[in-house]
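*Asks:* Chains as they are written, first to last, in full-length UniProt numbering: chain A, 1 to 588; chain B, 1 to 247.
1. Does the beta carbon of residue 160/B sit closer than 8 Å to a beta carbon anywhere in chain A?
2. So what does residue 318/A bridge to, in DSSP terms?
3. Please list, in chain order, all residues of the same chain as residue 219/A whose beta carbon is under 6 Å from its beta carbon, the five residues on each side excluded.
4. At which residues does the alpha helix (DSSP H) containing residue 589/A begin and terminate?
5. Determine which residues share a DSSP beta bridge with residue 299/B and list them.
6. Using only the alpha-carbon positions, how far apart do residue 521/A and residue 62/A sit?
7. Tell whether a beta-carbon distance below 8 Å holds between residue 120/A and residue 250/A.
8. Would residue 424/A and residue 343/A qualify as a contact pair, given that the criterion is a beta-carbon distance under 8 Å?
9. Determine, for residue 468/A, whether the minimum Cβ-Cβ distance to residues of chain B falls below 8 Å.
10. Verify the CB distance criterion: does residue 40/B have a CB-CB separation below 8 Å to chain A?
11. Checking contacts by CB at 8 Å: is residue 310/A closer than that to chain B?
12. Run through chain A and tell me which residues come within less than 8 Å of residue 60/B, C-beta to C-beta.
13. When DSSP builds the beta bridges, which residues end up paired with residue 442/A?
14. What residue range does the alpha helix (DSSP H) around residue 167/A cover?
15. Measuring only the C-alpha atoms, how far is residue 413/A from residue 142/B?
16. Going along the chain, which residues of the region 206-230 of chain B sit with their C-beta nearer than 7 Å to a C-beta in chain A?
17. If contact means a Cβ-Cβ distance below 7 Å, which residues of the region 125-147 of chain B contact chain A?
18. What do you get for residue 248/A, buried or exposed, if any count of 16 or more other CB atoms within 10 angstroms of its CB means buried?
19. So is residue 72/B buried or exposed if we call it buried at 16+ other beta carbons inside 10 Å?
20. Nearer than 7 Å: is that true of the beta carbon of residue 48/A relative to any heavy atom of the ligand MG?
21. I think residue 235/A touches residue 149/A, with their Cβ atoms under 8 Å apart; what is that distance to the nearest whole Å?
22. Considering only the alpha carbon of each residue, which of 242/A, 281/A, 496/A, 71/A lies closest to residue 100/A?
23. Tell me, please, which residues DSSP counts as bridged to residue 28/A.
24. Given this structure, state the Cα-to-Cα distance separating residue 127/B from residue 177/B, to the nearest angstrom.
25. Which residues mark the beginning and the end of the alpha helix (DSSP H) in which residue 223/B is found?
26. Find out if the Cβ-Cβ distance for the pair residue 212/A, residue 338/A is shorter than 8 Å.
27. Would you kindly work out how many angstroms separate the C-alpha atoms of residue 245/B and residue 159/B, rounded to a whole number?
28. Using a Cβ cut-off of 9 Å, pull out every chain B residue sitting near residue 303/A, in sequence order please.
29. Expressed to the nearest angstrom, what Euclidean distance is found between the alpha-carbon atoms of residue 235/B and residue 117/B?
30. Could you tell me whether the region 308-318 of chain A touches the region 478-496 of chain A, using the rule of 3 or more Cβ pairs below 8 Å?
31. Applying the criterion that 16 or more other CB atoms from any shown protein chain within 10 Å of the CB defines a buried residue, is residue 104/A buried or exposed?
32. Between the alpha carbons of residue 36/A and residue 333/A, how many angstroms are there, rounded?
33. Which residue wins for smallest C-alpha separation from residue 68/B, given the options 79/B, 55/B, 34/B, 80/B?
34. State buried or exposed for residue 508/A, treating a residue as buried only when at least 16 other CB atoms are found within 10 Å of its CB.
35. Which ranges would you report for the beta strand (DSSP E) in the region 112-147 of chain A if only whole runs of at least 3 residues count?
36. Ignoring anything shorter than 3 residues or poking outside the region 465-543 of chain A, list the beta strand (DSSP E) runs there in chain order.
Okay, structure coming up:
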């Protein structure tokens, strides 16, 4: 904050000089103290997380990055629109920064909002190499606030990330301590009856899938701005002030459900782009996403920022208070969600058509359901299915279904971005409003609305038991680059055929999430695709060069859910407007 | 012909600009572009056995691997050391290559060396290992010995979670011989079974899980007859104490 003020003051004094900012970062070995454990990791300028970099829209920045590690490093400016050579992905944008070397990034700042930066080398990011970016807009913000705080989350694990990867490959359930037990089986029997409980177990066992497979990597301590729940990062306020909280999820693996009991939050920005304000009680932040919210505490009390992981295996906690040292009540963790067969419905090649009943229940006649007869693709269109899953299941005739008697999610909550009947649909702790992707509308369209020039289907694929993750069944090591033509507008169709949620991140170009709002579709850099769903995004291919495109879960990206995207043509090469756009989807 | 010349001319014109598309772009030769190469060491069993006729054994069953998703090298080792006799009742090492053949199964092939007290044997190994429906970990191997005898071994394991740390694992191991190898006491037909129940507690992650259990060993048919002729028993009950270890 002080820096920004200083920079602002300097800017006033020297209007000509204000166009360039110079920054220095060192990449260092640091100790990370979570309050639960102390672990060696990687940080910037001697700390993890690194500093908050405050840029101004319209300036050109020069950032000198000195690598004090004994291994190569890199910094990726997550969400920033910049020349591809500045994007910081070794092997795709540049050669990386060697030990002892200082690399100078130089690029213009052409946007505003909340972003972050992190290493794109090996597992340095989950080991602590991340920081925040705040870009002040050139013009006026469409909302008012008196102060702002970065609230940067991570899921710090006591194990080094290389070891986490190895353990997951050796035993995919290594870190899952929420598996169904004998006790859970008896609980199911008493709740649903013996046959239903047994059939449910058999159905899951037959697939060799676990309904408790929501969070692969448990055992972490949730950090906010580097502080564990006990260390309680605190942001100060004067009652009546509007506080802008810039939430950034820098986790390796954990999604967080965030609420501030006693305060309503107004979501004003998602992934750096302003959205039409939505008032919510709680929201889910996917890995690598950012959400800016405005809160207005009116009384001089302490409010807890409570971030439960989606799988409820851990949490982060911080406090907003009128003075240091105050604490609000810290809620307990809610019950862990369980996947349902609806979340499995995207799985191709699994001979269980009859078990996708949950997804299909809204609009299909179950009486003549036969194994293999149903086209899974036909059931994944989530938009038109309104019915609450538990209701429609109640009306089903189970007699004709082998595994019909599955146990469904009980909340009955629905969200068009989750499979109908999904066990993952979030519900606000206070029964109020939980943000959905469907609520997001761009404040100001970034691009003119136009028809996409082609559609590319990307199936998100994997094998949990082998812990292999891939796109269209191909791991990065075996994949050809995905080729786009400069000037085209590509409609990406993500089909999640796995039972995990994947936050897909395209570097260098915006991801316009299709929420059915046309030109008001929100503009993001990470699109979270829930299991058993199909999600569309459109991208204006306006950035020549080559870019990374991957699932932002560290261990999914590292085990193959990664692509290089090559943008062919462009202003430099004279091949504009994608004159010869291939009709096929390209092979990703 | 004319069109051909024309297009050749057009090609010649565009060619010089083609390398510009690729040459100045970095090639991804980072480790990200390589298959993940990993290793692991695991002892399913590392235990002390005490039998119903006061025999004491030190027993292990472990493996170490190195490799990628597509190809792994695995060293599998099993041993039973009779503490009083100071002799290996069983000592078996397998060197295997393993590759996926389906979503849940790997094929494996390699060599097995048996070097216990008494005659040694070397076998060729072919097998399948993986996860069967309903979470049964299974492993089936076909062996051909240097004496020309063939046999098969089938292994299955199932884990019952009392809690997420207290786990009962049931293991069954059965061996069938398709021909007799009298020298090592193997008769034709079902040779032997080993059934174990072990109740373990994950003390340090999944890397150290002490357990208590019971193991039942039995010989059948001709193999049992051979054992009786030697004056040895055909059935044993053991109380076991040990730990599952992985790192």
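Positions of the beta carbon are idealized from the N, C-alpha and C atoms, including for glycine.
*Replies:* Taking the geometry as given:
1. yes
2. 233/A, 305/A
3. 175
4. Because chain A in this structure spans residues 1 to 588, residue 589/A falls outside the shown range and cannot be described.
5. The displayed coordinates of chain B run from 1 to 247. Any statement about residue 299/B would go beyond what the structure contains.
6. Residue 521/A and residue 62/A: Cα-Cα distance of roughly 33 Å.
7. no
8. Yes; because the gap between Cβ atoms is below 8 Å, this pair is in contact.
9. Interface annotation, residue 468/A: in contact with chain B, CB-CB separation under 8 Å.
10. By the rule that beta-carbons nearer than 8 Å mark a contact, residue 40/B touches chain A.
11. no
12. Here the premise fails: no neighbours, minimum Cβ distance about 18 Å.
13. 275/A
14. 161-170
15. 52 Å
16. Within the region 206-230 of chain B, the residues whose Cβ lies closer than 7 Å to some Cβ of chain A are 206, listed in chain order.
17. 131, 133, 134, 135
18. buried
19. Residue 72/B is buried by the Cβ-count criterion.
20. This structure lacks the ligand MG; in fact it carries no ligand of any kind.
21. 4 Å
22. 71/A
23. 43/A
24. 15 Å
25. Residue 223/B -> alpha helix (DSSP H) spans 221-229.
26. In contact: residue 212/A and residue 338/A (Cβ atoms closer than 8 Å).
27. 16 Å
28. Those do not exist, as residue 303/A stays about 33 Å from chain B at its closest Cβ, beyond 9 Å.
29. 20 Å
30. no
31. The residue in question, residue 104/A, is exposed, as its Cβ has fewer than 16 Cβ neighbours within 10 Å.
32. 17 Å
33. 34/B
34. buried
35. Qualifying beta strand (DSSP E) stretches, in chain order: 113-118, 130-136.
36. 468-471, 482-485, 489-496, 502-506, 511-513, 526-529, 534-540
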